[in-house]
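Participant: Using my numbering, the letters of the sequence shown map in sequence onto residues 6 to 790. Glycine included, C-beta positions come from ideal geometry on N, C-alpha and C. Note that the structure is predicted; figures quoted are calculated from it, not measured.
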Amino acid sequence: MRQWIFAFVCLVGSGSALATQVVSHKLVDEQLLIETDNGPVLVSGYGNGAMAVHYQPKGVKQLPSFAIDEQAPIVQGELSDDGDVLHYRLAEIRAEIQKSPLQFRFYQNDKLLVAEEAGLVSHDSVRGFRFALNDEEKLIGGGQRVVGMDRRGMRLPLYNKASYGYTTHAEQMYFGLSAVMSTNKYALVFDNSASGWMDLGKTEANILQFEAKGGRTAYLVAAGHNYPSLIENLTEATGRQPLPPRWALGNFASRFGYRSEQQARETVAKFIEEDFPLDAIVLDLYWFGADIKGHMGNLAWDRKAWKNPRKMIRDFSDLGINTVLITEPFVLTSSKRWQQAVDAKALAHDFAGKPKTFDFYFGNTGLIDVFSQSGQAWFWGIYQELLKDGVAGWWGDLGEPEVHPHDAIHALGSADEIHNAYGHQWAKLVFEGLQQAQPDKRPMIMMRSGFIGSQRYGMIPWTGDVSRSWDGLKPQVELALQMGLLGLGYTHSDLGGFAGGEQFDAEMYTRWMQYGVFQPVYRPHAQDNIAPEPVFHDQQTKDIVRRYVNLRYQLMPYLYTLAYENSTSGMPLMRPLMFSDETDLSLVDNKDAYFWGDAFLVAPVVEAGAKSVAIDLPKGVWFDFFTNVRFNGGQAIDMPVSIDTIPVLVKAGSFIPMVEVQHNTKDYTSANLELHYYHDDSVRKAYDFMYEDDGVNPKAIAQGQYQLLEFKADYAHQLLTLHLHQNGDYMGAPKSRQVTVTIHNWNKQQAQVTLSGKTLDSRIEQGKLMFTLPWNQAEQVISIR
């Protein structure tokens, strides 16, 4: 490896030998085509602030783009030529293209964002790019790593790889994303699926160097005037997450694994008996085999253990509980489908053109070629059969792929060329198949590995086989934030930890389950030597965790609105504290707390026996969600905690919509809506909204089949005025709502509440003003004096 790095650096060092000259340029099909003496370069604009640059040097094999959304419309920029430099401009980004030698520089207005230092470098099996960094900028990116938030000064391997039992340090994991986001307000994506490296100023202090063993010689630059607009412009090009089915945001029963239909039924019954809401049960690999080894690839029910799976799934569905099945891309030579896969030409092959076989933990195996039409058709045929049983969700495991010999040949090229896009292509296969097979349902697809842009296929990632320990809990915020900023906003952890653990640690488990309420997916999952489901633990643990699972369901309107924001703007559900003050670069490094949407600040408890948690509060006024204690922001605090609470704060001026606890989201209704407003005299105006649809329709947003419930507050001269406004409609929407309003931090002794001139009954308890009103028209105005 050291020889390869040395050769790459030496090659770049002789920059003049690689100099490329512009010969001509023109606009073609709304893109800028630049002809050079070493082949064409294509520049494509997306949205207001993203540009893709695709070098196509002579004699260099090119792969298709995986990063850019196939449905993203190309936007033609404004072109001008001043003789030595071409200028290509979109609304929020401008490229200056030097003609001799060819070099790209990217600006927002007159601010230089990032510039090529040597442009494309291509030599034999090594290709890449070099960009210049400024001294101050920090870099987030590279996907899942436990190395700290700022990755500047690191050299990161780009090879998706399992990281079993990881804790507080892991340099290579399931998503090695070839992209960075800079505090200079740009994102840089290398649209190359090949094995390689990103050197973020490690080898040379102010050089960002991308290196790969092959693949597409292309990159994407996105710009924004702040972090949210940067994310919006980036995901305009790479794609946005479709709204998940509402049930995917509920509570899951999951373990490695349920061994029989009887055990699955008993588990569901236990959740009902213990009065825990439940939306899904996940079946691991025992559904197609009695043992861990020897059965992978069967992907058909083991009828000895699962007597009537179709009826079981239907019975669960009648209860509002959805069934999710694991699938893997490996077909063992011992499996019942091996010869079928061989005959269908569904497998990657070796140099001789025969199915490539190799040994790994589960047995001797081949690997499905998800890049070939024959591999896709064969694999999808299995999913189609399982759909008939009523399976509602899909879990793709080991999709790095966990073992991927370099001499495995796929339809698009060698393993090294396409390795990092394998899980991405697999998700696309399942997503597009489900769109055709179930056009009226939203897909639910969990995957352990993927690429930049995988979110557009509905991918819900998780952070892999984390250690079941305090040290496994500690890095989860960092992992989720890093992924969400680059588009993969549903990244979550196996609640309670997955790997190892000899004895049940009730405190650690409780803390992880409490944190889980404020992560995108609520799914405990673990090796079953210790039950991952809360219903099988002691009474204290059950009682605490039940309250938090109930809270998850009470907050469903807020959570579902975050999902809407993610689908329409790319904003992650979990957001870093650097969003609060973009001028303070030190906030980039905070991996201990985060914003859950705009209203909440969450700091998980990650130490045993903690009596308090240190938090650096952003500016503003904040309230303890559980006690209503008020804090002035802009200071460091030690927030007291008990085993019943974790630090969750709400920003003054926030509206939090909530509903009653329900058995599962099948029963979801906002007919009885709780609306909490966190008042402070320092906040004169506030606005928020709540998104709602039927939770099922995949085209709800596109078809306008939804409601936006808008909430506004104005405070002046001791008068607080609330405006409730309703826009839109959808099939099944409540005809009217009964709204219980709670004004927090009401430090007056009395209040007069009026609606349309009529006085409403109200009460004040422990600093909260409460009243109820009907909401059966588009707008309601409440005056509180």
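Give the DSSP-derived three-state secondary structure of F802 in the structure shown.
Facilitator: Residue 802 cannot be examined here, being either before or after the span of the chain that is shown, 6 to 790.
Participant: Taking C-alpha atoms, which residue in R110, D155, E141 lies nearest to R135?
Facilitator: Indexing the sequence shown from 1 puts residue 135 at position 130. Of the listed residues, the one whose Cα sits closest to R135 is R110.
Participant: Measuring alpha carbon to alpha carbon, tell me which residue in W292, F321, R315, G299 is nearest D307.
Facilitator: What you label residue 307 is simply residue 302 of the sequence shown in a count that begins at 1. Among W292, F321, R315, G299, the Cα nearest to that of D307 belongs to W292.
Participant: Helix or strand or just coil, what does DSSP make of E279?
Facilitator: For the purposes of this step, residue 279 is identified with residue 274 of the sequence shown, where counting begins at 1. Coil.
Participant: Report the partner residues of L161 according to the DSSP bridge assignment.
Facilitator: One-based indexing of the sequence shown puts residue 161 at position 156. L161 is bridged to M203.
Participant: Find out if the Cβ-Cβ distance for the pair G700, R251 is shorter than 8 Å.
Facilitator: Numbered from 1 along the sequence shown, position 695 holds the residue referred to as residue 700. Numbered from 1 along the sequence shown, position 246 holds the residue referred to as residue 251. Their beta carbons are under 8 Å apart, which means G700 touches R251 by this criterion.
Participant: Taking the alpha carbon of T222 as the reference point, which residue from G325, N197, M452 has its own alpha carbon closest?
Facilitator: For the purposes of this step, residue 222 is taken as the residue at position 217 of the sequence shown. Checked all of G325, N197, M452; the closest Cα to T222 is N197.
Participant: Give the straight-line distance between the Cα atoms of N256 and A57, rounded to the nearest whole angstrom.
Facilitator: Working through the sequence shown from its first residue, we reach residue 256 at position 251. Working through the sequence shown from its first residue, we reach residue 57 at position 52. Cα to Cα, the separation comes out at about 40 Å.
Participant: Which value, in whole angstroms, describes the spacing of the CA atoms of F776 and M301?
Facilitator: Along the sequence shown, one-based indexing puts residue 776 at 771. Along the sequence shown, one-based indexing puts residue 301 at 296. So the alpha carbons of these two residues sit roughly 58 Å apart.
Participant: Have a look at G463 and L725 and give me their C-alpha separation to the nearest angstrom.
Facilitator: Taking the sequence shown and counting its residues from 1, one reaches residue 463 at position 458. Taking the sequence shown and counting its residues from 1, one reaches residue 725 at position 720. About 42 Å.
Participant: Please give the ranges of any alpha helix (DSSP H) in the segment 212-300, keeping only runs that are unbroken, at least 4 residues long and fully inside the region.
Facilitator: 232-243, 266-278
Participant: By how many angstroms is the C-alpha of V48 removed from the C-alpha of L16?
Facilitator: Reading the sequence shown from its first residue, position 11 is the one you call residue 16. Reading the sequence shown from its first residue, position 43 is the one you call residue 48. With a pLDDT of 40 at L16, under the threshold of 50, the modelled position of that residue is not reliable, and no figure is offered here.
Participant: Grab the span of the alpha helix (DSSP H) containing N571 for me, first residue to last.
Facilitator: In the sequence shown, counting from the first residue as 1, residue 571 sits at position 566. Its alpha helix (DSSP H) spans residues 561-574.
Participant: Buried or exposed, going by whether 16 or more other CB atoms sit within 10 Å of the CB of E770?
Facilitator: Within the sequence shown, residue 770 is the residue found at index 765, counting from 1. So E770 ends up on the exposed side.
Participant: Does the beta-carbon of G220, which I'm using as the reference point, lie nearer than 7 Å to any heavy atom of the ligand PLP?
Facilitator: The ligand PLP is absent from the structure shown, which contains no ligands of any kind.
Participant: Using beta-carbon positions only, say whether E122 and I236 come within less than 8 Å of one another.
Facilitator: Within the sequence shown, residue 122 is the residue found at index 117, counting from 1. Within the sequence shown, residue 236 is the residue found at index 231, counting from 1. No, the pair does not count as a contact, with Cβ atoms beyond the cut-off.
Participant: So, do the segment 497-514 and the segment 529-543 have three or more beta carbon pairs nearer to each other than 8 Å?
Facilitator: Yes, the segment 497-514 is in contact with the segment 529-543.
Participant: With three or more beta-carbon pairs closer than 8 Å as the criterion, would you say the segment 260-271 touches the segment 74-90?
Facilitator: Remark: fewer than three beta-carbon pairs, one from each stretch, lie closer than 8 Å, so the segment 260-271 and the segment 74-90 are not flagged as touching.
Participant: Inspect the beta-carbon positions of R319 and G395 and report whether they are closer than 8 Å.
Facilitator: The sequence position of residue 319 within the sequence shown is 314, counting from 1. The sequence position of residue 395 within the sequence shown is 390, counting from 1. Yes, the pair counts as a contact, with Cβ atoms nearer than the cut-off.
Participant: Are the beta-carbon atoms belonging to A691 and A721 less than 8 Å from one another?
Facilitator: Position 686 of the sequence shown, counted from the first residue, corresponds to residue 691. Position 716 of the sequence shown, counted from the first residue, corresponds to residue 721. It is not a contact, given that the beta carbons lie outside the stated cut-off.
Participant: Measure the C-alpha to C-alpha separation of G602 and M579 and round it to an integer number of angstroms.
Facilitator: Numbered from 1 along the sequence shown, position 597 holds the residue referred to as residue 602. Numbered from 1 along the sequence shown, position 574 holds the residue referred to as residue 579. Computed Cα separation, rounded: 6 Å.
Participant: Are there 16 or more other CB atoms within 10 angstroms of the CB of P444, so buried, or fewer, so exposed?
Facilitator: The residue given as residue 444 occupies position 439 in the sequence shown. It counts as exposed.
Participant: Looking at the structure shown, is I642 part of a helix, part of a strand, or coil, going by DSSP?
Facilitator: As a first step, residue 642 must be located in the sequence shown, where it is residue number 637. Strand at I642.
Participant: Could you check what DSSP says for N555 in three-state terms: helix, strand or coil?
Facilitator: Counting from 1 along the sequence shown, the entry for residue 555 is found at position 550. Here N555 sits in helix by DSSP.
Participant: Spell out whether any CB of chain D is found under 8 Å from the CB atom of L84.
Facilitator: In the structure shown, chain D cannot be found, because there is only a single protein chain.
Participant: In chain order, what residues of the same chain lie with their CB nearer than 8 Å to the CB of D86, ignoring the 5 residues before and after it?
Facilitator: Locating residue 86 in the sequence shown gives position 81, where the first residue counts as 1. Excluding sequence neighbours, D86 sits near H30, H92.
Participant: For Q108, which residues in the same chain have their Cβ closer than 8 Å to its Cβ, ignoring the five residues on either side in sequence?
Facilitator: Residue 108 sits at position 103 when you count from the first residue of the sequence shown. So the qualifying residues of the chain are I102, A120, E121, G124.
Participant: Using the Cβ count rule (16 or more neighbours within 10 Å means buried), how would you classify S454?
Facilitator: Numbered from its first residue, the sequence shown carries residue 454 at position 449. By the 10 Å Cβ count, S454 comes out buried.
Participant: So does the segment 585-595 actually touch the segment 679-694, counting three or more Cβ pairs closer than 8 Å?
Facilitator: no
Participant: Report all residues from its chain with a CB closer than 8 Å to the CB of P410; omit the five preceding and five following residues, and keep chain order.
Facilitator: Numbered from 1 along the sequence shown, position 405 holds the residue referred to as residue 410. Closer than 8 Å at the Cβ level, and outside the excluded window around P410, lie K361, F363, A420.
Participant: For T25, count neighbouring Cβ atoms within 10 angstroms of its own Cβ and tell me buried if that reaches 16, exposed if not.
Facilitator: In the sequence shown, residue 25 corresponds to position 20, counting from 1. Buried, by the Cβ-count rule.
Participant: Residues bridged to D86 by DSSP?
Facilitator: Along the sequence shown, one-based indexing puts residue 86 at 81. Answer by DSSP bridge pairing, in chain order: L91.
Participant: Tell me whether Q8 is buried or exposed, calling it buried when 16 or more other Cβ atoms sit within 10 Å of its Cβ.
Facilitator: Counting from one through the sequence shown, the residue named residue 8 turns up at place 3. With a pLDDT of only 40 at Q8, under the threshold of 50, the placement of this residue in the model should not be trusted, and no figure is reported.
Participant: Can you give the Cα-Cα distance for S21 and S105, rounded to whole angstroms?
Facilitator: The residue you call residue 21 lines up with position 16 of the sequence shown. The residue you call residue 105 lines up with position 100 of the sequence shown. Bear in mind that the predicted position of S21 carries a pLDDT of just 31, short of 50, making it unreliable; the figure below should be weighed with that in mind. Approximately 11 Å between the Cα atoms of the pair.
Participant: Tell me, please, which residues DSSP counts as bridged to S49.
Facilitator: Walking along the sequence shown from the start, residue 49 turns up at place 44. Looking at the DSSP assignment, S49 forms a beta bridge with A57.
Participant: Name the residue from A351, E390, L403 whose alpha carbon lies nearest to the alpha carbon of Q378.
Facilitator: Here residue 378 refers to the residue found at position 373 of the sequence shown. Closest by alpha carbon: A351.
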